[in-house]
Every structure is written in structure tokens, then in C-alpha cells.
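Structure record follows, encoded as C-alpha cells.
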Amino acid sequence: MNIPVERWFKAIVVRHSRRKYMDKKLDEDTVNKIQAVIKELNSYFDETRLVLVNKECSQIFKGIIGSYGNINGNSPAYVAMIGNSQGERIAEKIGYIGEGLILEATSLGLGTCWIAGTFREKKVKSDINLKENEKIYAITPLGYIKSDYSLKEKIVSKMVSSYKRKSLDELCLDGFNEKWPNWIKTSLNCVRVAPSAINGQPWRFKVNENSIILSADNPKNAEKLYKKMDYGIAMLHLEIGALHEGVKGSWEYLESPNIAEFKIDNTKTI
Ligand SMILES: Cc1cc2nc3c(=O)[nH]c(=O)nc-3n(C[C@H](O)[C@H](O)[C@H](O)COP(=O)(O)O)c2cc1C
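Numbering of the sequence shown is given in the working numbering, commencing with residue 5 and proceeding in unit increments.
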């Protein structure tokens with residue numbers, strides 16, 4: 005993927021899930037920019053695609069007001085994240101490209117929130133023509149937000165301890181080492197602040213000299229769909245962190261409970 009490294013790196017730092025939106029339509033320039041990034045992200049894998057639905061979506065989100073998943077203030081648009089359910093590693097791929105969209109929207113000043121559980125699938129299906137075997141994995145509202153969090157947002161955020169993150173010492177299987185090169189420390193920190201379903205942070209890392217292995221926190225439920233999206237999100241964040249430090253690499257999928265290995269390309273440091 006053609007990653008706009010610095011823009012998305014900055015977005016990683018400021019992004020948080022937002023659940024209250026202003027009653028204001030997306031302006032034309034913003035819609036065009038979102039459509040452009042969707043075009044790019046949709047060219048990345050054959051079996052996944054993002055679709056912008058540029059209409060008010062009060063009926064789409066489930067959840068009692070103030071509860072997890074409730075989107076208050078009706079965002080003026082949303083993006084559906086769609087994949088071929090028969091394909092390979094689809095949920096991971098959805099995580100990867102879906103997070104690209106989330107970071108681009110964040111850099112345009114929009115609010116976003118991954119919603120995988122608490123949306124009305126039937127309503128979304130009535131907005132989109134799905135092809136055979138296609139499934140909607142997640143959606144995100146898109147809209148303008150106030151810089152301050154609403155009371156309800158604070159309640160939901162507290163409920164899932166949104167701001168709490170595990171330490172890198174806990175996330176790294178052999179503990180964290182301050183002496184690691186910057187590309188490793190930055191890329192791990194980029195994953196640490198990534199969004200994950202109910203803030204589960206199901207990622208663990210094995211750090212080698214020229215690679216990082218991403219694995220699941222718990223082999224017993226490593227295959228859960230929402231966790232697989234979390235892994236894909238982590239893969240994009242890790243790659244952005246490495247690129248920010250001038251290190252290029254590529255991913256290779258591994259068998260569960262390992263997820264994938266990021267191997268640096270020694271010949272192509274940028
Ligand atoms: C795959 C995935 C699914 C999620 N599903 C929901 C959801 O159904 N409802 C919701 O309110 N938040 C959902 N979230 C948002 C998480 O609760 C949020 O990312 C986490 O608490 C960390 O908070 P932050 O995004 O503000 O850093 C989801 C996040 C991910 C990555």
C-alpha cells in the first residue's frame with residue numbers, strides 16, 4: 005500500500021474512538037478525499053472493499069444511549085467494511101485497510117469508531133449491494149466532532165477503559181528492552197495505542213534482530229473474528245511506526261497462535 009507515513013503516524017497519536025457527532029454534513033472536499041483514499045485501499049486486496057454511505061445513519065447503530073456501541077448525535081455518513089467470507093485472512097485484511105481509512109479520516113479532522121458488534125446489519129445491507137459471499141465485517145461512523153468529549157462518550161470510554169493500555173513489557177513475550185533500535189520501539193508503541201475490540205489489545209510480540217513476530221494473546225480464542233480485525237489493525241500500525249523510522253519491511257502470515265512476521269528489507273531502507 006502507498007502509505008502516507010507522516011500523516012498517518014500523526015493520526016495514530018491523536019486518534020480515539022468517538023461516539024458523538026455534530027449535526028453537519030461532510031463537505032464536498034472531504035467527501036472527495038475520503039473517496040480517493042477508499043479507491044487506493046480497495047486496490048490493495050482482491051476480496052475486501054470499503055464503501056462510503058454518505059447519508060445520516062441514526063438507524064444503523066444499536067445500543068442503549070450511553071452504552072457500548074451507541075453512536076449519539078447521528079453521524080452524517082459511515083463507511084462499511086466488506087469482505088468475501090470465503091477468502092483467506094479476510095478479517096485481518098479488513099483490519100489493515102479499515103484502519104487506513106480510520107487514520108486518513110482522523111487526519112482530515114473527522115471522528116471515527118470501529119463498530120463490529122453493535123450495528124444493524126439489515127439496515128446496512130439495504131444501503132449497499134453485496135456480491136455473492138460478501139459480508140459486512142464492521143462499519144465506522146464518519147463525522148465532525150467537538151474537541152471535548154461528551155458526558156456519554158466519557159461514560160462509554162470509561163466502561164471499556166479505552167485509554168488504558170498494557171505496558172510494552174507485558175506485550176513483548178520476552179519483556180521490553182530499552183536498547184532495541186528505534187524502529188522496533190516506535191513500531192511497538194504505534195501498536196500499543198491502536199484501537200481493539202473492547203480494548204482487548206490481543207497482540208503479543210516476539211522481537212528478533214531483523215523481524216517482529218505478531219502473535220495472539222490467547223491461543224484458545226485467537227481465531228475470533230473481532231480479534232482477527234485487531235491483528236490487521238496492529239499490522240498497519242507496526243508498519244507505519246517502522247516506516248516513520250526509515251525502515252521498510254513486509255508481512256508474511258504464520259499459523260495460529262502466531263499471526264504474522266514483519267521482516268525488514270535490509271536492501272531498501274528509506
Ligand atoms: C475490531 C473492533 C471492533 C469494535 N467494535 C466496537 C463496537 O461494536 N462498539 C463500540 O462502541 N466500539 C467498538 N470498538 C472500539 C473499541 O472499544 C475501542 O477501540 C477501544 O475501547 C480503545 O479505545 P480507543 O479506540 O478510543 O483507543 C471496536 C474496535 C475494534 C478495533
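We put the beta carbon where it would ideally sit given N, CA and C, even for glycine. Nothing here was measured: the structure is a model prediction, and the numbers come from that model.
Which word fits residue i, buried or exposed, when buried means at least 16 other C-beta atoms lie within 10 angstroms of its C-beta?
i              : result
glutamine 205  : buried
valine 41      : buried
leucine 242    : buried
tyrosine 167   : exposed
valine 251     : buried
methionine 5   : exposed
isoleucine 75  : buried
isoleucine 268 : buried
valine 17      : exposed
isoleucine 149 : buried
serine 62      : exposed
aspartate 234  : buried
serine 191     : buried
isoleucine 132 : exposed
For chain B, is any of its Cβ atoms less than 9 Å away from the one on residue i?
i            : result
aspartate 50 : Chain labels in this structure do not include chain B; a single protein chain is all it has.
Determine, using beta carbons only, whether residue i and residue j come nearer to each other than 9 Å.
i              : j              : result
alanine 81     : valine 57      : yes
leucine 30     : leucine 107    : no
arginine 19    : proline 199    : yes
alanine 216    : isoleucine 244 : A quick correction: the sequence has isoleucine, not alanine, at residue 216. Going by C-beta atoms, isoleucine 216 is not nearer than 9 Å to isoleucine 244.
lysine 37      : glutamate 157  : no
isoleucine 1   : valine 9       : The structure shown does not extend to residue 1, since the chain spans only 5 to 274, so no value can be given for it.
isoleucine 101 : threonine 52   : yes
arginine 93    : lysine 232     : yes
Less than 8 Å between the CB of residue i and some heavy atom of ligand 1, yes or no?
i              : result
methionine 233 : yes
asparagine 36  : no
proline 199    : yes
threonine 122  : yes
isoleucine 237 : yes
serine 161     : yes
glycine 91     : no
tryptophan 118 : yes
arginine 19    : yes
glycine 115    : no
isoleucine 244 : no
arginine 196   : no
arginine 208   : no
isoleucine 16  : no
isoleucine 202 : yes
arginine 11    : no
arginine 23    : yes
My output table needs one value for residue i: the three-state DSSP class, helix, strand or coil.
i           : result
leucine 218 : strand
leucine 114 : coil
lysine 272  : Note that lysine 272 scores 47 on pLDDT, short of 50, meaning its location in the model is unreliable; the coordinates nonetheless yield the value given after this. Three-state result, lysine 272: helix.
proline 223 : helix
lysine 1    : The requested residue 1 is not part of the displayed model; the chain covers only 5 to 274.
leucine 146 : strand
glycine 253 : strand
alanine 201 : helix
alanine 120 : coil
proline 8   : coil
Comparing the CB of residue i with every heavy atom of ligand 3, is any distance shorter than 8 Å?
i            : result
tyrosine 167 : Only ligand 1 can be found as ligands here, which leaves ligand 3 out of the picture.
Q: Spell out a yes or no on whether the stretch 257 to 271 and the stretch 118 to 127 are touching, meaning 3 or more CB-CB pairs, one atom from each, closer than 8 Å.
A: Remark: fewer than three beta-carbon pairs, one from each stretch, lie closer than 8 Å, so the stretch 257 to 271 and the stretch 118 to 127 are not flagged as touching.
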